[in-house]
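2 protein chains.
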Amino acid sequence: MLPDEVARQLKRNADGLIPAIVQENGTGEVLMLAWMNDEALHRTLTTGRATYWSRSRGEFWVKGETSGHHQHVRSVKVDCDGDTLLLTVDQTGAACHTGAHNCFFTELTK
Amino acid sequence: MLPDEVARQLKRNADGLIPAIVQENGTGEVLMLAWMNDEALHRTLTTGRATYWSRSRGEFWVKGETSGHHQHVRSVKVDCDGDTLLLTVDQTGAACHTGAHNCFFTELTK
Chain A
46 MLPDEVARQL KRNADGLIPA IVQENGTGEV LMLAWMNDEA LHRTLTTGRA
96 TYWSRSRGEF WVKGETSGHH QHVRSVKVDC DGDTLLLTVD QTGAACHTGA
146 HNCFFTELTK
Chain B
46 MLPDEVARQL KRNADGLIPA IVQENGTGEV LMLAWMNDEA LHRTLTTGRA
96 TYWSRSRGEF WVKGETSGHH QHVRSVKVDC DGDTLLLTVD QTGAACHTGA
146 HNCFFTELTK
């Protein structure tokens, strides 16, 4: 269970979730955004492997469990108002399910 | 109004909002996360100044309008499944309301 001193720093949405930005260690590349509940954060902090809550599947999701594209977590930070996390990770292979290294490959223009 | 070809790429939450990760041009520093509705994105794309929807105040929020800490937008990307934006910006001064350059200055530990 997530320790109280961590849990009380967090502001969750109506579904008990908080967005986690995932940034690659070294390159600084923003890889993806995923969602965590308290237990996913607890597992991430204690195992060192990025673990999210899949909103579409309604289950915990250890990144790389099926793809092999693990994220080894170097640090987890919470923002000034407690409603966003920033993970720094060592990414094995591609972060995106499309095979791209990160999920942000479509630029919008006016 | 946001052009149809942009609008149809986006998946909004129940409140019509989409999270926008803000990354600093050059340094790669993740500065903050804020939220946009379609009109905020439209204003961001057309003015080149980062404009968000303030969930707490329920109004549009041109970053820097009161603080002077503007964000000049270099690019806006949407992720592979259309539910997160990534802005690259030139940040004037501090991005965080605390005066810190970015909002992620609190590290969590197990």
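If you read the protein sequences in the order shown, they are chains A and B.
FYI, in my numbering the residues of the first sequence are 46 to 155.
FYI, in my numbering the residues of the second sequence are 46 to 155.
C-beta: ideal position from N, C-alpha, C; glycine also.
As for any alpha helix (DSSP H) of minimum length 4 sitting wholly inside the segment 57-106 of chain A, the runs are 83-92, ordered along the chain.
Residues are counted here when their Cβ sits less than 7 Å from a Cβ of chain A; for the segment 110-122 of chain B these are Ser120, Val121 and Lys122, given in chain order.
DSSP places B:Glu152 in the uninterrupted beta strand (DSSP E) bounded by Thr151 to Leu153.
For A:Asp124, the closest Cβ of chain B is nearer than 8 Å.
Only those residues of the segment 132-152 of chain B whose C-beta falls short of 9 Å from the nearest C-beta of chain A are listed: Cys141, His142, Thr143, Ala145, Asn147, Cys148, Phe149, Phe150, Thr151 and Glu152. Interface with chain B (8 Å Cβ-Cβ cutoff): A:Met46 is excluded. Taking every protein chain shown into account, the CB of B:Gln54 has fewer than 16 other CB atoms within 10 angstroms, so this residue is exposed. For the segment 66-82 of chain B, residues whose beta-carbon sits nearer than 8 Å to a beta-carbon of chain A comprise Ile66, Gln68, Thr72, Gly73, Glu74, Val75, Met77 and Leu78. If you look at A:Asp49, you'll find it isn't in any beta strand (DSSP E); it sits in the alpha helix (DSSP H) that goes Asp49 to Ala52. Residues of the segment 85-103 of chain B with a Cβ closer than 7 Å to any Cβ of chain A, in chain order: Leu90 and Thr91. Linking B:Leu62 to B:Asp83 through their CA atoms gives a straight-line distance of about 8 Å.
A straight line joining the alpha-carbon of A:Leu86 with that of A:Tyr97 spans about 7 Å. Residues of the same chain with a CB within less than 6 Å of the CB of B:Arg57, apart from the 5 flanking positions on each side, are Ile63 in chain order. For B:Val51, the nearest CB of chain A lies under 8 Å from its own CB, placing it at the interface with that chain.
When the five nearest sequence neighbours on each side are left out, the beta carbons in the same chain lying within less than 7 Å of the beta carbon of B:Gly93 are those of His117 and Val118, in order along the chain. Non-local beta-carbon contacts of A:Cys141 in its own chain, meaning distances under 7 Å to residues more than five positions away in sequence, involve Met77, Asn147 and Cys148 in chain order.
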